[in-house]
Amino acid sequence: MKHYIILTVILPLLVAFLLPTIGRFSYFLARALPPIILIFSIVITACVYNNETAPFALHIGDFVAPQGIVFHVDSISLLMALSVQVFALFLWPRRSFKLQSEQIVSNKRYSLMLLLVASANGLAFSGDLFNLYVFYELLAVATFGLISFDTNEANQARFAAAFRYLVISATGSVMALLGIALVYFLTGTLNFAHLATQQANLFNPIGLSAFALLLVGFGVKAELFPVNSWVPEVYSAASKKLSGYLAGVISKLAVLVIIKALLFIFPHSEAAYLMLGLGLAGLLIGELSAMRSNDFTRMISWSSVAQLGLVFIAFSIPGQAGIIAGLAVLFHHMFVKTALFLIAEKWGGRISDLHGQGYLNLIMSGIFIFVALSLIGLPPLPGFWSKFLLLNGLAGQEYYFAIAIILITTVIEVNYLFRVANHLFSREDKPVLPINNHHWFDTLTASLIVVALIVAVWELPTINDQLIIMSDQLLDIESYVNRVLISTENGL
Amino acid sequence: MIPDISSILFSGAIGLLVIGVGGLLLSNNAYRVLLALVIAEAGANLMLVIAGYRWDAIAPILTGDFTPQPMVDPVPQAMVLTAIVIGVGVQALALTLIIRVKKAYGTLNMVEIKKRMEMDFDRLSQEANQPGKLEDNS
Amino acid sequence: MYQFASFVFLLGFLFLISVITGFLPLGEPPMLVGQVIQNNAASETGASNFVTSVVLGYRGIDTLGELSILFAAATAGSLVLSGLKQKSIESGDAGFLVKSASELFFPLLIVVGLYIVLHGHLTPGGGFQGGVILAAAFFLPLLAKPSKSINSLALGLIEGLSGAAFIIIGLIALFNEGAFLKPFFENGELGSLISSGTLPLLYIAVGLKVGAELASLLNLLNQEEVNDS
Amino acid sequence: MIEAFVLILVIIMLAAALSALLLDNLIAATASASAVSIALATIFIILRAPDVAMTEAVVGTGLSSLILVLGLKRLKLWQLDTQSDNEEVK
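For the protein sequence lines, the chains are W, R, Z and X, in the order given.
The first sequence begins at 1 in our numbering and counts up one residue at a time.
The second sequence begins at 1001 in our numbering and counts up one residue at a time.
The third sequence begins at 2001 in our numbering and counts up one residue at a time.
The fourth sequence begins at 3001 in our numbering and counts up one residue at a time.
Here you go:
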């Protein structure tokens, strides 16, 4: 059973390779196959999750670690993979064409989407630095292709946005490759478990620089502060469902990679301070820019930068408190941001154009109010608990400066989110624009997210237990090393 | 007179990296940004190969009578193989994007492209909620 | 302002990596992983080129990811250019020299490319290098006769099937041997052409895939826009 | 002896890299970028990495330059005359 978890990476790749060819013979098959594969890999992931076998290490090709590549499967990576696949299924691009010639284009888009899912799964599981780099690049290339697809030909900005994103991302990749080279210079290995045993070699300024280079490199997708100028451009130019997927789910996988690097390569306070500083800068810049923007999409893009800043601040708290707070903020943001981008699908223009829409579309505006309240952190919504855990952890470390900034930015958050709410329910005597209603499936997905958040309030103790289990597994480096490096013969 | 080999090699890698990253940051022409990217990637690759180099060792290929001798580390070489091919794929994709940007905006100047893009965003933002816009289907 | 900030960053970057490399020892790598691979690779994979055993054996999934990146780049590239009305360049045939050279070199390049692919586990070279040469071989006639175009259906078929072949070899290993991409044929005699288990098969798949992807990328860039306005 | 050889190669490589960014003519810049690859491939051979050297030579010098040249042609920048190119560069 254990080895079949790799099918979640392999099968999407296989189908993606064959999809353009299949599509030439049967368009129906090409449309039906990707969701079937996604459901199949969801079933596999869920089975492994329920089987209580996790955590375990999967040696690809049965080569003994650290020579071979290892997939390390634990609760957090299974949960991330599960969310990647489930969100992909719900945010799957709808059919857009009827013309024969354009079906091919549509198939290519499905193909890229499958590559995106496969690489995200790979990022969740992989336990090897260079393998992570390869999956990260695959994710980037698939993203560039998906961004530059739009049915609205008037949207020429998407190419410029994709190109500028590519330049930033490629610069980040060069930095990450340099970081990998430095790590290899110092230790002669790339396996995380093996690196953890070599930490003494890395505890010097060179190790810190290697970590900083990796942070910048992998931080591009995680919307980290100095390399996040692509965020509002890409999310404005790309389709909103894709933006929701990138902001909600994909950025979290980049965060997970950085956390792994922090725990296994450089678990020292200097690295944590670096992350804290960059996170605070991202939080401030994100919230201030969100307040200044007049466009709904742009506003939630900047707010996404700010939220990921919060995630980095949380993970920079040493010890278990930091991991728990970070995971809570991370999962909360995953749901909330996806819902916000689903709302932006039809309301993506100027905020002032939205006035009066709340009365026309009560469901969506209700969802918006609920999600906004959770994002701000109104008790007893899940957002409150995640922010509470974060502030608690910061207070434990006496980072009062960070607490002050978080509280100030919360006020800013209230300001801009309620500006939108004011427009939605404004009683001003202006004509209400006849905006199309959201597609029923998007409304359903957004409602499901709200239901999930409400259930989360009832199930708080269970979630707390799960978070503790996950953080225990992440922090228990010794048994991680044992699982990966000690022989695997009995695992078959 | 001649500096020792390690400083020569390292300065080669550093030079390529700095020239490449500098070009990425400071170039105004989109095509030149692409060339800078090629150079920066070459520098990172050279760094990786240097990481596996070993004095008085042979290339990691068994020849002759297959007696084991000290060899240079094969792992970074395998990684560089992968990185080179990845680089070429990204480069080709970047070129297609440049072609579309040139077609759309008629310029390769990065500042100009950014300006035109922001203008497009403003226009899209205004049009997004106007009646009669295309039924978009993402 | 931006220029100044970039300049400062660049100076800092230069200083940082110069200082770092000053402390790095050249020529004395720790060889933690590399040494073990040198001791075991010949018996575990049977390839005398250790880079090949790392690329296809120990790090096989990296290579799969890399093939996917090339595929993604070709797919995304055609998606980017798909909105343009385009056609093959119609600038007439190239001169006599290019035409006869292409006819002369076409079989030669195919043979060289296949040789390099097939001997990847013995000598330097392999699927990537050979694949690039194969792509060049199929692109050469296009340079000579620009009005011709590559059969995109056949190219797509090779693209899809060779990539699938790599994965299916891995899946056979998963279902028979219990681990993805585990080499499963006899290793054979070290240094002979038919040796090292499934690695040559994998390299053939890699070569075809790389060749097909790069040929389609070159074909994509060799079009020209129709001026409709 | 080998030091002198490597030194010359590195100097050629860095000069080519600089000229790829500074030359006004984009064709010359592309040619310089592929000169970087040639020098780099030679350095890889000296570093006992024949596989990498071969890939760098085939991919970096051949394929990558071919892709860049095709792109230049398509961008209508394939002009040997620097004068008209200047408008684009500045």
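The C-beta atom is built at its ideal place from N, Cα and C for all residues, glycine as well.
*What's the C-alpha gap between residue 2138(Z) and residue 20(W)?*
Approximately 21 Å, taken between the alpha carbons.
*Alpha carbon to alpha carbon, how far is residue 3035(X) from residue 3029(X)? Give it in angstroms, no decimals.*
So the alpha carbons of these two residues sit roughly 10 Å apart.
*Report the option in 422(W), 423(W), 390(W) and 397(W) whose CA atom is closest to the CA atom of residue 407(W).*
Among 422(W), 423(W), 390(W) and 397(W), the Cα nearest to that of residue 407(W) belongs to 390(W).
*If you draw a straight line from the alpha carbon of residue 2104(Z) to that of residue 2097(Z), how long is it in whole angstroms?*
So the alpha carbons of these two residues sit roughly 10 Å apart.
*Beta bridge counterpart(s) of residue 126(W) as assigned by DSSP*: Per DSSP, the beta-bridge partners of residue 126(W) are 71(W).
*Which residue comes first and which comes last in the alpha helix (DSSP H) that contains residue 2009(Z)?*
Secondary structure note for residue 2009(Z): its alpha helix (DSSP H) is the uninterrupted segment 2002-2023.
*With a threshold of 16 other CB atoms inside 10 Å of the CB of residue 345(W), please say whether the residue is buried or exposed.*
Buried, since its Cβ has 16 or more Cβ neighbours within 10 Å.
*Okay, do the region 433-441 of chain W and the region 343-358 of chain W touch, 3+ Cβ pairs below 8 Å being the bar?*
Proximity of the region 433-441 of chain W to the region 343-358 of chain W meets the contact definition, three or more beta-carbon pairs being nearer than 8 Å.
*Cβ of residue 1105(R) within 8 Å of any chain X Cβ*: Chain X contact via Cβ: absent.
*Would you check if the distance between the CB atom of residue 2063(Z) and the CB atom of residue 1082(R) is smaller than 8 Å?*
Contact check for residue 2063(Z) against residue 1082(R) passes: the beta carbons are separated by less than 8 Å.
*Contact check, residue 313(W) vs residue 402(W), beta carbons under 8 Å*: For residue 313(W) and residue 402(W), yes; Cβs fall inside 8 Å.
*Go through the region 24-94 of chain W residue by residue and report every complete run of the beta strand (DSSP E) that reaches 3 residues or more, in order.*
Counting only runs of 3+ residues, the beta strand (DSSP E) found wholly inside the region 24-94 of chain W occupies 56-59 and 70-73, in chain order.
*Ordered along the chain, which non-local residues of its own chain (more than five positions away) have a Cβ less than 7 Å from that of residue 950(R)?*
With chain R running from 1001 to 1138 in the structure shown, residue 950(R) is simply not present.
*Under the three-state DSSP convention, the category residue 150(W) falls into*: It is coil, neither helix nor strand.
*Spatial distance of residue 27(W) from residue 383(W) (CA atoms)*: In a straight line, the C-alpha of residue 27(W) is about 43 Å away from that of residue 383(W).
*Counted within 10 angstroms of its Cβ, other Cβ atoms place residue 1106(R) as buried (16 or more) or exposed*: Residue 1106(R) is exposed by the Cβ-count criterion.
*Run through DSSP, which three-state label would residue 376(W) get?*
Note: residue 376(W) maps to helix in three-state DSSP.
_Can you tell me whether residue 350(W) is helix, strand or coil according to DSSP?_
Residue 350(W) falls in the strand class under three-state DSSP.
*Does the pairing of the region 1040-1050 of chain R with the region 1074-1088 of chain R give three or more beta-carbon distances under 8 Å?*
With a cut-off of 8 Å, the region 1074-1088 of chain R and the region 1040-1050 of chain R count as touching, because enough Cβ pairs lie within range.
*asked:* Can you tell me whether residue 2218(Z) is buried or exposed? The criterion is at least 16 other CB atoms within 10 Å of its CB, across all chains shown.
replied: Counting Cβ neighbours within 10 Å, residue 2218(Z) comes out buried, since at least 16 surround it.
_Would residue 364(W) and residue 252(W) qualify as a contact pair, given that the criterion is a beta-carbon distance under 8 Å?_
No, they are not a contact pair.
*Mind listing, in chain order, the continuous alpha helix (DSSP H) runs of no fewer than 4 residues lying wholly within the region 1056-1096 of chain R?*
Runs of the alpha helix (DSSP H) inside the region 1056-1096 of chain R: none found.
*For the region 284-314 of chain W, enumerate the residues whose C-beta is nearer than 9 Å to any C-beta of chain R, in chain order.*
Cβ contacts with chain R come from 294, 295, 296, 297 and 298.
*DSSP three-state call for residue 2222(Z): helix, strand or coil?*
Residue 2222(Z): coil per DSSP, three-state reduction.
*So, helix, strand or coil for residue 1029(R), using DSSP?*
Of the three classes helix, strand and coil, the one that applies to residue 1029(R) here is strand, per DSSP.
*Ordered along the chain, which non-local residues of its own chain (more than five positions away) have a Cβ less than 6 Å from that of residue 3012(X)?*
Answer for residue 3012(X): 3039, listed in chain order.
*By Cβ distance, which residues of its chain are closer than 8 Å to residue 89(W), with the 5 residues on each side in sequence left out?*
Excluding sequence neighbours, residue 89(W) sits near 35, 38, 39 and 42.
*asked:* Under 7 Å: does the beta carbon of residue 454(W) sit that close to some heavy atom of the ligand PLP?
replied: This structure lacks the ligand PLP; in fact it carries no ligand of any kind.
*What did DSSP end up calling residue 422(W) once you bin it into helix, strand or coil?*
Here residue 422(W) carries a helix assignment [DSSP, helix/strand/coil].
*Close beta carbons around residue 2050(Z), own chain, < 7 Å, minus the five adjacent residues each side*: Shown here for residue 2050(Z): same chain residues with a beta carbon closer than 7 Å to its own, the five before and five after excluded, namely 2037, 2038 and 2041 in chain order.
_Less than 8 Å between CB atoms is the rule here; does residue 2098(Z) satisfy it with respect to chain X?_
Proximity of residue 2098(Z) to chain X, defined by a Cβ-Cβ separation below 8 Å, is not satisfied.
*So who's on the other strand from residue 2049(Z), going by DSSP bridges?*
The partner list for residue 2049(Z) (beta bridge, DSSP) reads 1061(R).
*Cα-Cα, which of 12(W), 151(W) and 467(W) is closest to residue 320(W)?*
Comparing Cα positions, the closest option is 467(W).
*From residue 2211(Z) to residue 3055(X), what does the alpha carbon distance come to, in whole angstroms?*
Going from the Cα of residue 2211(Z) to the Cα of residue 3055(X) covers about 14 Å.
*asked:* Taking 6 Å as the limit between beta carbons, can you name the residues of its chain near residue 281(W), skipping five residues before and five after?
replied: Excluding residues up to 5 positions away in sequence, 225 lie with their Cβ nearer than 6 Å to the Cβ of residue 281(W) in the same chain.
*Between 393(W), 483(W) and 305(W), which lies nearest to residue 220(W) when the distance is taken from Cα to Cα?*
Minimum Cα distance to residue 220(W) is reached at 305(W).
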